[in-house]
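Remarks on the structure that follows.
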Amino acid sequence: MKRMGYRTYLVGKWHLGYCRREFLPTARGFDYFYGYYGPQTGYFNHSAEQFDRRRSRTIGGLDLFMELNGGVSAPDYTKQGVYSTNLFADEAINLISYHDVRNPFFLFLSFQSVHAPLQVPPLYENRCSHIGHPMRRKYCAVLAAMDDAIERVVRALKNRGLYENTVIIFSSDNGGATDFGASNAPLRGEKDTLWEGGTKTNTFVHAPRYIRQFAVRNDLFHVVDWHATILGMAGSSAQTYGDGINQWDMIRSGKGALRRFQFVYNIGEHGSAIRQGDFKLIMGNADRTSHFNNDRMRLYRLSVDPAERRDVSRQHFVVARQMARKIMALRRMGRRSIRLPLDPRADPAFHNGAFGSYWC
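Residue 355 in the numbering used here sits at position 355 of the sequence shown, with consecutive numbering throughout.
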């Protein structure tokens with residue numbers, strides 16, 4: 001997008017590698033980053049806990065940084081007590097307010113909400129006091145705070161006269177964590193499982209200038225499609241990018257089927273799943289409680305069984321076998337993820353209480 005003239009901003013969660021400077025956001029395509037590198041932090045103190053090299057103890061420290069260029073980051077010690085949802089919304093609004101409108105921009109606003117640990121100002125808990133279950137009430141409050149923050153960001157776009165020409169995408173990276181107040185009913189499973197409840201999310205795309213008619217789409221769309229689709233929004237003529245498919249024309253027109261027929265959920269050694277049209281095949285463990293049937297192959301027809309209750313692998317054995325072979329072929333093609341050893345030099349004790357940006 002930078003080659004197409006866009007300024008690129010990331011605010012909020014990164015969690016895509018921070019063991020070396022070349023893995024950091026501004027070394028991987030963003031002009032500016034403000035947020036946290038790891039999986040989770042406190043909503044108010046912005047501190048995180050990580051295991052040491054031997055995984056024998058946890059080490060705590062600040063995980064809130066700003067980057068300008070080239071992966072050079074600086075910790076922000078000044079925001080103790082500021083609620084992260086409001087903090088990240090304020091940062092996004094600041095970028096919108098001072099952006100040079102002669103140039104287009106891409107802003108990825110990655111809120112901490114509604115990730116654990118669920119923390120929220122009392123005001124929002126009071127707004128959700130009608131909910132009896134304590135964790136569901138907390139979840140509601142965290143969600144309400146994010147909703148207000150998004151409203152403020154949209155208002156900033158309108159104030160700058162940018163709203164009509166902006167494409168707004170709201171999405172999530174996984175299903176809800178039921179231990180922390182979420183519900184994926186009627187789908188089976190939760191976050192960190194291969195069931196639909198752990199992998200299927202709701203998404204909306206809002207673009208006043210480009211999408212004039214409301215439409216609900218139930219076609220297949222994989223997270224990898226966003227890369228190609230957003231490039232399509234920006235004017236790229238490429239129909240694919242990596243594994244992603246440019247779906248922008250179908251989203252914009254609301255006509256025709258999206259162009260994806262199959263995708264991969266996971267090709268892990270102990271649990272794999274792929275989708276092919278109406279069928280979904282799971283091999284091995286679908287969740288943390290199914291280790292006893294590690295070699296089992298299960299096939300579901302999601303159009304008639306979205307809750308994945310009826311295994312039809314015997315009735316459609318040829319389909320199941322073909323999809324299983326596809327999984328094995330994908331496993332052979334796969335590469336192991338980079339797992340660098342922990343670097344004790346990044347211990348917060350050596351950096352005024354903040355994690356060094358090369359901590360793994």
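Backbone N, C-alpha and C fix where the C-beta goes; we use that ideal spot for every residue, glycine too.
*asked:* Tell me which residues share the same chain as ASN165 and place their Cβ nearer than 6 Å to its Cβ, disregarding the 5 neighbours each side in the sequence.
replied: Residues of the same chain with a CB within less than 6 Å of the CB of ASN165, apart from the 5 flanking positions on each side, are ARG209 in chain order.
_Whole-angstrom distance between SER171 and ARG7, CA atom to CA atom_ = A straight line joining the alpha-carbon of ARG7 with that of SER171 spans about 21 Å.
*Report the partner residues of SER313 according to the DSSP bridge assignment.*
For SER313, DSSP records no beta bridge to any residue.
*asked:* Just to confirm the assignment: which complete beta strand (DSSP E) runs, minimum length 3, are found wholly within the segment 55–107?
replied: Unbroken beta strand (DSSP E) stretches of 3 residues or longer found wholly inside the segment 55–107: 58–62, 65–67, 73–75, given in chain order.
*Just tell me which of ASN94, GLY175, GLY132 has its CA closest to the CA of ARG160.*
In terms of CA proximity to ARG160, ASN94 leads the group ASN94, GLY175, GLY132.
_Closest to VAL153 by C-alpha separation, out of PHE88, ARG21, ASN45, THR199, would be which residue?_
Ranking PHE88, ARG21, ASN45, THR199 by CA distance to the CA of VAL153 puts PHE88 first.
*Would you kindly work out how many angstroms separate the C-alpha atoms of TRP14 and TYR36, rounded to a whole number?*
Approximately 6 Å between the Cα atoms of the pair.
_Pull the bridge partners of GLY12 from the DSSP assignment, please._
According to DSSP, GLY12 bridges with GLY35, SER110.
*Assuming ILE168 contacts ALA144 under a Cβ cut-off of 8 Å, what Cβ separation, rounded to an integer in Å, is found between them?*
Between ILE168 and ALA144 the beta-carbon gap is near 19 Å, outside 8 Å, which marks them as no contact.
*Please say whether ASP100 and THR193 have beta carbons closer to each other than 7 Å?*
No, Cβ-Cβ distance for THR193 and ASP100 is not below 7 Å.
*According to the Cβ coordinates, are GLY60 and GLU49 closer than 7 Å?*
Against a cut-off of 7 Å, the Cβ pair of GLU49 and GLY60 comes out as a contact.
_Option in VAL223, GLY181, ILE211 with minimal Cα separation from THR199_ = Nearest of VAL223, GLY181, ILE211 to THR199, Cα basis: VAL223.
*Environment of HIS46 [buried if 16+ CB atoms lie within 10 Å]*: The residue is buried, with at least 16 neighbouring Cβ atoms inside 10 Å.
_Residue span of the beta strand (DSSP E) that contains MET297, given as start and end_ = Looking at the DSSP string, the run of the beta strand (DSSP E) that includes MET297 is 297–301.
*Burial state of MET1 (16 or more Cβ within 10 Å)*: Under this definition MET1 is a buried residue.
*Where does the unbroken alpha helix (DSSP H) through ASN126 begin, and where does it stop?*
Unbroken alpha helix (DSSP H) run through ASN126: 122–127.
*So who's on the other strand from ALA273, going by DSSP bridges?*
BP columns for ALA273 point to ASN266, ILE282.
*Nearest to ARG335 (by Cα), restricted to the options LYS280, MET297, PHE317, GLU269*: Out of LYS280, MET297, PHE317, GLU269, GLU269 has the C-alpha closest to the C-alpha of ARG335.
_Only counting the same chain, and skipping five residues up and downstream in sequence, which positions put a Cβ closer than 6 Å to that of GLY356?_
For GLY356, where only same-chain residues beyond five positions count, the Cβ hits under 6 Å are ALA346.
*Less than 8 Å between the CB atoms is what I'm expecting for ARG137 and GLU125, so what's the real figure, rounded?*
The Cβ separation is near 7 Å, so the contact holds.
_Nonlocal neighbours in the same chain, by C-beta distance under 8 Å from ALA182, ignoring five residues either side_ = Listed in chain order, the non-local C-beta contacts of ALA182 below 8 Å within the same chain comprise VAL114, TYR139, GLY175, GLY176, GLU190, LYS191, local neighbours out to five positions each way being set aside.
*asked:* Using a Cβ-Cβ cutoff of less than 8 Å, which residues in the same chain neighbour ASN103 once the five nearest sequence positions on both sides are dropped?
replied: Exclusion of the five residues before and after ASN103 leaves GLY5, TYR6, ARG7 as the residues of its chain whose Cβ lies within less than 8 Å of its Cβ.
*Any idea what DSSP makes of VAL153, helix, strand or coil?*
Look at VAL153 here: in three-state DSSP terms it is helix.
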